[in-house]
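Each residue of the sequence shown is one higher than the last, beginning at 14 in my numbering.
We treat Cβ as the ideally placed atom computed from N, Cα and C, and that holds for glycine.
Comments concern the structure below.
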Amino acid sequence: MKNINKKLYIIFFMLCGFFFLLTANSASASSISKNGQLQVKGSQIVNKNGKPFVIKGVSTHGLSWYPQYVQKKAFQSLKKRGVNTIRLAMYTEEYNGYCNSGKENQKNLEALIDKGVNAATSLGMYVIIDWHILSDGNPLTHKKEAKTFFKKIAKKYNGHKNVLFEICNEPNGGEGSWKNIRSYAKTIISTIRSVNKKAIIIVGTPTWSQDVDQAAANPLNGKNIAYAFHFYASTHKQDLRNKLENAVKQGLPVIVTEFGLSEASGNGTVDTKEANKWNTLMNRYKLGRVCWNLSNKDESSSLIKASCNKTSGWKMDDFTKAGKWLFKSYK
Ligand code: IDC
Numbered sequence: 014m015k016n017i018n019k020k021l022y023i024i025f026f027m028l029c030g031f032f033f034l035l036t037a038n039s040a041s042a043s044s045i046s047k048n049g050q051l052q053v054k055g056s057q058i059v060n061k062n063g064k065p066f067v068i069k070g071v072s073t074h075g076l077s078w079y080p081q082y083v084q085k086k087a088f089q090s091l092k093k094r095g096v097n098t099i100r101l102a103m104y105t106e107e108y109n110g111y112c113n114s115g116k117e118n119q120k121n122l123e124a125l126i127d128k129g130v131n132a133a134t135s136l137g138m139y140v141i142i143d144w145h146i147l148s149d150g151n152p153l154t155h156k157k158e159a160k161t162f163f164k165k166i167a168k169k170y171n172g173h174k175n176v177l178f179e180i181c182n183e184p185n186g187g188e189g190s191w192k193n194i195r196s197y198a199k200t201i202i203s204t205i206r207s208v209n210k211k212a213i214i215i216v217g218t219p220t221w222s223q224d225v226d227q228a229a230a231n232p233l234n235g236k237n238i239a240y241a242f243h244f245y246a247s248t249h250k251q252d253l254r255n256k257l258e259n260a261v262k263q264g265l266p267v268i269v270t271e272f273g274l275s276e277a278s279g280n281g282t283v284d285t286k287e288a289n290k291w292n293t294l295m296n297r298y299k300l301g302r303v304c305w306n307l308s309n310k311d312e313s314s315s316l317i318k319a320s321c322n323k324t325s326g327w328k329m330d331d332f333t334k335a336g337k338w339l340f341k342s343y344k
């Protein structure tokens with residue numbers, strides 16, 4: 014009798030272990046194995062079966078500023094909170110930017126991107142590689158560097174079903190016009206397509222990626238091209254929501270590749286009321302969205318409290334007001 018009991022116990026524990034592994038595995042397989050290569054269909058981002066897929070992302074701060082969060086444990090902690098996409102923001106000019114900090118630093122940044130892509134891939138998450146122009150408002154300024162960079166990484170990540178390319182974060186100023194963006198995008202899209210046929214390419218729009226109306230009026234040719242729209246809830250309100258909604262209604266595929274709850278400065282008041290209104294709109298159109306930013310910098314757009322030095326395994330209380338709102342909305 015005793016022996017039978019013992020055997021039953023062993024079988025029971027083995028079964029528990031088996032089910033644990035099974036669920037742990039299916040959780041880690043997650044988005045990519047289920048959804049595969051994302052595509053653009055009409056105004057919608059869809060999965061490999063043509064079903065709408067909603068990107069729920071978090072953007073790093075500048076890779077040179079906060080490299081410590083680019084690692085698997087950090088991404089895994091985000092995944093547990095409903096995040097399915099990581100955006101790797103690589104500034105071109107600001108603070109050790111890719112285009113003005115020398116070859117050695119370029120290698121460091123590429124290695125960091127590689128670490129980020131591999132971490133996301135092993136977790137079954139999508140990853141957006143973001144050419145983060147900002148003070149260089151005209152994307153044509155660094156067209157040559159962008160061409161070399163995108164050729165290299167498009168080749169490197171060809172066959173990765175989970176990599177998306179964002180080719181110019183936020184064009185702005187007079188030279189960041191749709192005419193210049195279009196011309197830049199044509200070049201970079203054909204550069205990427207010469208080695209990578211399928212990955213979604215996201216094109217920034219004028220006025221810090223707000224003027225999606227201009228892209229809707231004269232979109233680019235080609236498959237799997239989407240357009241970036243950015244907002245900061247404490248600054249941008251109903252008139253900008255109308256602009257977004259009109260463009261989507263016209264059939265423009267839009268991804269909100271960056272948004273914050275703070276003011277456009279990245280700091281100041283966090284407006285959850287306006288953020289809720291933005292959320293309602295994004296949910297209505299199943300728009301992908303990526304929140305700025307994964308760091309503990311002492312500014313209100315950061316998702317982690319300045320007092321918290323953990324780089325993974327965060328508790329709800331480690332998050333700022335913006336962070337708490339975000340992870341509640343993603344769950
Ligand atoms: C901000 C960061 C801030 C950093 C600054 C550099 O939050 O810590 O010092 O960039 O200029 C954007 C940009 C994004 C900005 C963010 C907030 O894409 O780079 O980050 N923002 O200002 N567009 C609208 C807001």
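Check each candidate in the options and name the one with the smallest Cα separation from residue i.
i	options	result
Y245	K169, R195 and W291	W291
G301	I166, L153, L177 and Y82	L177
E220	N237, W191 and A167	The sequence given here has Thr at residue 220, not Glu. If we check each option's Cα against that of T220, W191 comes out closest.
N62	G70, I68 and G49	G49
N193	H243, M27, V83 and N231	N231
N296	I58, K47, V53 and K92	I58
A167	G189, R254, V208 and S148	V208
Q223	A124, V267 and K323	V267
E271	K344, W144, Q263 and I202	W144
Q119	F162, N259 and Y170	F162
I238	I201, G273, N255 and L125	I201
K116	Y170, N18 and E158	E158
Y170	K236, A241 and K128	K128
W78	N18, S308, K299 and T154	S308
Evaluate residue i with the Cβ neighbour count: other Cβ atoms within 10 Å of its Cβ, from every protein chain shown; 16 or more gives buried, anything less gives exposed.
i	result
Q227	buried
I24	exposed
D252	exposed
G150	buried
L21	exposed
P65	exposed
K344	exposed
A133	buried
N255	exposed
G336	buried
K92	buried
A241	buried
G273	buried
N259	exposed
G186	exposed
S275	buried
A319	exposed
S247	buried
Measure from the C-beta of residue i to each C-beta in chain D and report whether the shortest distance is under 8 Å.
i	result
Q223	Among the chains of the structure shown, chain D does not appear; only one protein chain is present.
Would you call the CB atoms of residue i and residue j closer than 8 Å?
i	j	result
K286	L233	no
I317	N175	no
V130	H173	yes
L257	A229	no
V225	S56	no
V53	G70	no
T105	K164	no
H249	V269	no
W305	S72	yes
V303	R94	no
Y82	T293	no
L76	M103	yes
Y197	K236	no
I68	T98	yes
So for residue i, helix, strand or coil by DSSP?
i	result
L339	helix
L307	strand
N270	A quick correction: the sequence has Thr, not Asn, at residue 270. Note: T270 maps to strand in three-state DSSP.
P152	helix
S44	helix
S314	coil
T10	Residue 10 falls outside the range modelled here, since the chain spans only 14 to 344, and no answer is possible.
A159	helix
M295	helix
G115	helix
I213	coil
T98	strand
A228	helix
P184	coil
G129	helix
K54	strand
Y108	coil
G326	coil
W221	helix
W78	coil
F178	strand
D284	coil
message = Quick test of the definition: if touching needs 3 or more C-beta pairs under 8 Å, does the segment 80-88 touch the segment 125-138?
response = yes
task = Inspect the CB distances between the segment 304-323 and the segment 277-284 and report whether three or more fall short of 8 Å.
result = yes
key: Cβ contact (3+ pairs, closer than 8 Å) linking the segment 209-218 and the segment 169-184   = yes
task = Determine contact between the segment 335-343 and the segment 103-111, defined as no fewer than three beta-carbon pairs at a distance below 8 Å.
result = no
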